[in-house]
Amino acid sequence: AESGQELKARYDNERLEQLYTEAKAVIEAEDPLELVKDAIRSLGYG
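Here it is, written out as structure tokens:
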């Protein structure tokens, strides 16, 4: 059986992996600000 500490560590690692996957495009973008600008333009601004 897993200890509480091991369970938390596993959960944290899974959560970090999920968050990284969701943010990967921004994290690895040459210029993340361009992604922000594009998102703002897609809303009809700029």
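UniProt numbering numbers the first residue of the sequence shown as 1 and each following residue consecutively.
We put the beta carbon where it would ideally sit given N, CA and C, even for glycine.
query, result
"Straight-line Cα distance separating Glu2 from Asp38", "45 Å"
"Simplified DSSP assignment, three categories, for Glu34", "helix"
"Beta-carbon contacts of Gly46 that lie in its chain and below 8 Å, excluding the five residues immediately before and after", "Lys37 and Ile40"
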